Each structure stands twice: as C-alpha cells, then as structure tokens.
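Visitor: To start, I am sharing the structure in question, which I have written as structure tokens.
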Amino acid sequence: MKKYLVPLLMFLFVLLLSACTDDSEVDETVEEDNTDAAETGSGEGITMSVLATPNSLDPHAANDQSSNHVNVNIYDRLVEFTPELEIEPGLAESYEQIDDLTWEFKLREGIQFHDGTEFNAEAVKTNLDRVRDEEVGAPVAFLFELIDSVEVVDEYTVHITTVNPFAALPSHLAHPAGSMISPAVIEADYEQYEDGGELLTEVHRNPAGTGPYTFEELSEGEFVTLSRNEDYWGEPAQAESFTFKAVPEDSTRIAELMTETTDLIYPVNPNDYAQIEENEGTRMNETESVRMEYVGFNTDKAPFDDPIVRTAIAQAIDKQAIIDEMLEGKAEVADTLLAPAVFGHSDDLDTNAYDTEAAKQLLEENGYGNGFTAEITVMDRTAADMAAYIQEALAELNIELEIYQLDSGAFLDYVGGGDHEMFIGGWGTVTLDADYGLYALFHSSNIGTSGNRSRYSNSEVDALLDEARSETDEEERLALYEETQQILLDESPIIPIYHPSLLTGMRDDVEGYGQHPASFHFLKDVHKE
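Those letters in the sequence shown? Residues -19 to -1, 1 to 510, per mature numbering (1 follows the signal peptide of the UniProt record, and there is no 0), in order.
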C-alpha cells in the first residue's frame, strides 16, 4: 500500500489543512483566512482542458469522472482521507460510532454555503434524506442505502443510524456523492418538480456548496468556470478562478498546452507522455491509481450470457502486451478486481491466465468454434486503441469485433441503458474499500447507470456482498470479499485489464497540483509561479 502514499501526500495535505481545523477556532479564523486569500492567491485564473464538461453539477445526480472532477472543488464532505488513506474529519469536527448501528457527527460551526445558507445538522439531514429519496432516484443512492435514519440531535450534532452494522459508512461519506449541497437549492429542486419540472436539475443550474471554489458559469459542452470562494471556512484557494474546457481530441489538448492556451490537460495518452515531458515549458505529473480499466460484457445478450464465452475471451487477451505496446508501460496488470491499495484486495485468487490455445479449445468444446460477430463500444482514444488490439486478438478465435466510439455523455447513456454488447469501461474505487469497488459493479440492484453496466445478476454474489457490508470483523470481511471475487473471476462479467497511471500534463509554471488515486483533481493549491 505504501507505494500509493507518496503521490497522494501533496493533495491530501491540502485536505488536512481544512479537515483538521479546531472547531473552537473556526469562527475566529474565518475572517483572518479570507483576508489572507487575496494575499496568498496568485490573482490569476487557471485553465484545464479535459474530455468533457460535467454531466451534472449535482453530486447526487452523477457518478462519472467529468462531473466529479469539478464537483469535488465546489463541495466539501463530512469526512476526508488522510495521507495514510484513513478517514479524518472534514465539515464534521469529530465523529464516532456510539453503538453497532449509530454514528455521531459533531459539526463545525460558523460555516456557510455559497448562497449564504447556514451549514448545520439540518443541512446534513436534508442532504442524506434527499440522496436516499426513492422518488429522486439518485444514481449514487446505493452508497447510502444502508442508512436507516438521520436524526438532528442539536444544531451541530447528527446521529446517522444504519439498518445493519456498516463498517464502510465513513468512507462512503468521503465519496463525492457525500458532498454537502445548500438545503435552499435542494428545496428549490423539489419545488420546481412539484411545478412540473424534473428532479435533479435545479442543483445543476445553481450549484452551491461550502467548497473552496464557487460556481461561476457553465456553457454545456464547452466550459465550466469556478471562482475562488473568498469566504471559505478553511485555507483559501490560490487561483482566482478555475476553468475546465471541454476538448475531446488528444492532439488538440496537447497543442493548447504547448501554445500556452491552457495550463493543464487531462487525460494524457501514455503515447504522448514523452512529447510533453521533453517539450520546453511543459512537464508531466504521474500518479498511481486505484482505477481499473476493464472489458465488460452485456450479460443479458447472447452469447455473452454464457460464462464460457466470457472466460475464453478473458484468456485470449494479453494484458501485459497491452501495457507494454500501447501504454508505454504506464500501468500495472489487473489480474483481480481491486487495486492493491483497496481494502479487500487479495493475491490468493485463481485468475484467468493468458492462453489463446486454451481459449480456442474452450470455445470449440462448447459449440462456439465457428465464432460470431459482436460490437465493442468505447469512449476515448486510449479505449479505442485497446479495442483495436482486442479486435486482432479475438480474430484468432473467429470472433469479429466492430468498434463503436461515442463521446462521454452518449457512451454513459448507451452502456447504462443496456444497448451494448461489449464495452471498455473504467472504475475508480474512490472509497478505497471493496464495498464500493464490488457492490456498485456487480450487485444486481445496481444494474444500469449506478455502475453494474455488465447487467450481471447472481444471487450468491448479492448475498455475499450484502453480508460483507454488515460484517464488522475485518478478517471476516476480507474472507467474504475474497470469496466474492473468485466467483466473479470464474464467471467473468468483466475482464480487469490494468490499473492505469494517471497522467496530467501542465505548464512548468503551474504548482500545487494533486490528484486522488481514483482520478479526481484537487485544485485548491494550484497556482502559477
């Protein structure tokens, strides 16, 4: 696990500056910190070119990279991660589990949302009630579905009671979906729904959190601009503003970086690493990740409803060759479903080794020797390159693949809706806990946009994941997750391919950048020298 800590220290230190503030000093220091903002901030705006603008600025409405990359800077959460990948207080000054089912959170005082609404226990209850409201239908509701009730004890004390013991609750609250939204905007969302509008739309139009940046402007498909929160309760942001530009083409993002049209670009294809690193005036940032890039199947559609077909395809893919030949070595082979830094990872699993001859034999023995034609859906250049490699590998099994590339929003809709056959996807275990890394991707209750895009359903896996959620003994949890993963590797609803290095290009004068191992950008300290 230690190898993941070094690249995290920079951005997690940023989080700790705010998370560890003593509550008794908040009211007295807010004004002082804000006075310093103009002095410590660079006064300059920062621009970052990314794949797409957010699908939603409502953290309850989206669980995709484009949205979370922006939202983590508008909103704060009750708890955050430390450099040791443990949880410490954020908007909550302290928390503890007071019995098997009840967690108590003591909140910081003197904090306001961007719209002036007070942050207090009622605000926490409003947020957690809304994200679990079945009528709202939040795609991230699965993260909090074991919460039974949220009780306001006093103005700055909250009790969260779970249906069963739930050891992963703090890590789930640290997820971007645990971001605190202004209750006034949430109320407006409900009101416009009663007037005939759609839920989960008002916050996107008028996002208001407590974070270091405030929402300034959104041009759908083009850019979103954030401004420094001059009234931030903790250390102020360095940059005066931060703009995310949607630039889908890799070559265009690189050209913008080279010509100083933009300050940072993400993602960077590994094949472009050297070009940026060797160019005068630009450099690369590389962070090891807890993301998993994978090949997924629609297990509702023949022949991918047959585990034999899925297993044969898994055996036909040379993961190391993909990393060496396509990714310039900027990744680690993913033989299992969880990265080593994630709680629940195991090295004691039987994996699907690369063996083309075994794959051919398996298909021939089970009536698939003549092969078939299928479609594989991808979202970006890296995925398209990998699909082309897999296309060539599967041709040896008489499987003809047609590559279908979509932009980010269309891809999520297409694959989430179950229209696909095969696809290349990615998943970051943001909470660093197997519950999120497995429950979202494989529990039958999450089929669709919540995460289970393979549409996999197995009652035994469901039962194991449910049991692991409620188990308080760590060794027992690990055993349950190991058993679950072995079933999943045997049935192969997805094929884990690699854990990528997260690659960001930037100008040499940009300092203070950090990145979460699940890929989110932490931007509060980013500035130009």
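All C-beta atoms in this analysis are idealised placements derived from N, C-alpha and C, irrespective of residue type, glycine included. Just so you know, these numbers come straight off a predicted model, no measurement behind them.
1. By how many angstroms is the C-alpha of Glu463 removed from the C-alpha of Glu472?
2. Looking at the structure shown, is Leu504 part of a helix, part of a strand, or coil, going by DSSP?
3. Less than 6 Å between C-beta atoms, sequence neighbours within five positions excluded: which residues of the same chain meet that for Ala189?
4. I'd like to know if the region 65 to 83 and the region 144 to 153 are in contact, where contact means that at least 3 CB-CB pairs between them fall below 8 Å.
5. Determine the contact status of Pro70 and Asn52, defining contact as a CB-CB distance below 8 Å.
6. According to the neighbour-count rule (16 or more other Cβ atoms, all chains shown, within 10 Å of its Cβ), is Gln496 buried or exposed?
7. Taking only the alpha-carbon atoms, compute the straight-line gap between Glu492 and Ile55 and give it to the nearest angstrom.
8. Count the other CB atoms, across all protein chains shown, that sit within 10 Å of the CB of Pro498; report buried if there are 16 or more and exposed otherwise.
9. So Lys226 is in the beta strand (DSSP E); what residue range does that whole segment cover?
10. Under 8 Å between the Cβ atoms of Gly215 and Arg434?
11. Does the distance from the CB of Ala155 to the CB of Thr453 come in under 8 Å?
12. Would you mind stating whether Met273 and Ala218 have Cβ atoms separated by less than 8 Å?
13. Would Asn44 pass as a contact of Pro120 if the rule is Cβ separation under 8 Å?
14. Between the C-alpha atoms of Ala364 and Ser30, what's the straight-line distance to the nearest angstrom?
15. Three-state secondary structure (DSSP) at Asp447?
16. Measure the beta-carbon distance from Gly409 to Ser270 and round it to whole angstroms, keeping in mind my assumption that it falls under 8 Å.
17. Strictly by DSSP, which residues pair up with Ile246?
18. Phe100 and Val112: beta carbons closer than 8 Å?
19. Here's a check: name, in chain order, each residue in its chain whose Cβ is nearer than 8 Å to the Cβ of Lys87, leaving out the five neighbours to either side.
20. With DSSP as the reference, please indicate the residues paired to Ala312 in a beta bridge.
21. Can you tell me where the alpha helix (DSSP H) holding Val51 begins and where it ends?
22. Taking the CB atoms as reference points, tell me whether Met239 and Thr263 lie closer together than 8 Å.
23. Can you grab the Cα-Cα spacing for the pair Val11 / Pro193, in whole Å?
24. So Ile384 and Phe353 are in contact, right, with Cβ under 8 Å, and what is the actual spacing, rounded?
25. Here's the rule I'm using: 16 or more other beta-carbon atoms within 10 Å means buried, otherwise exposed. How should Phe503 be labelled?
26. Which residue marks the beginning of the beta strand (DSSP E) containing Ala148, and which one marks its end?
27. Can you name the residues that DSSP bridges to Ile380?
28. Measure how close the beta-carbons of Tyr275 and Ile478 come, nearest whole angstrom, since I'm counting them as under 8 Å.
29. For Asp329, which residues from the same chain have a beta carbon less than 8 Å from its beta carbon, with the 5 sequence-adjacent residues on both sides left out?
30. Keeping to the same chain, check which residues put their C-beta closer than 7 Å to that of Glu313; ignore five residues upstream and five downstream.
31. In chain order, which continuous runs of the beta strand (DSSP E) of length 3 or greater are located wholly inside the region 63 to 122?
32. Leaving out the 5 sequence neighbours to the left and right, which residues in its chain are closer than 6 Å to Asp366 when beta-carbon positions are compared?
33. Taking just the CA atoms, how far does Val131 sit from Ile141?
34. Quick one, which of His401, Asn333 and Gly350 has its alpha-carbon nearest Val359's?
35. If you drop the 5 nearest sequence neighbours on each side, which residues of the same chain put their C-beta closer than 7 Å to that of Thr332?
36. Using 10 angstroms around the beta-carbon of Asp286, count the other beta-carbons present and answer buried if the total reaches 16, otherwise exposed.
Guide: The relevant details are as follows:
1. 14 Å
2. coil
3. If we look at Ala189 and ignore the five residues flanking it on each side, its Cβ neighbours are Phe94, His95, Asp96, Ser163 and Val166.
4. Yes, the region 65 to 83 touches the region 144 to 153.
5. Contact: no.
6. buried
7. 20 Å
8. Buried is the call here.
9. Ser222 to Ala227
10. no
11. Remark: C-beta atoms of Ala155 and Thr453 do not approach each other more closely than 8 Å.
12. no
13. yes
14. Answer to the nearest angstrom: the Cα atoms are 19 Å apart.
15. helix
16. 7 Å
17. Ser30 and Gly486
18. no
19. Asp4, Ala73, Glu74, Ser75, Tyr76, Tyr137 and Thr138
20. Pro481
21. Gln46 to Ile55
22. yes
23. Since pLDDT at Val11 reaches only 37, below the 50 mark, its modelled position is unreliable, and no value is offered.
24. With a Cβ gap of about 16 Å, Ile384 and Phe353 do not count as contacting.
25. buried
26. Note, Ala148: premise wrong, no beta strand (DSSP E); not H, not E.
27. Phe353
28. 6 Å
29. Cβ neighbours of Asp329 beyond the five flanking positions: Glu463.
30. Tyr479 and His480
31. The region 63 to 122 contains these whole beta strand (DSSP E) runs: 68 to 70, 73 to 78 and 83 to 88.
32. These residues qualify, in order along the chain: Met307.
33. Cα to Cα, Ile141 sits roughly 5 Å from Val131.
34. His401
35. Asp316, Thr317 and Leu470
36. exposed
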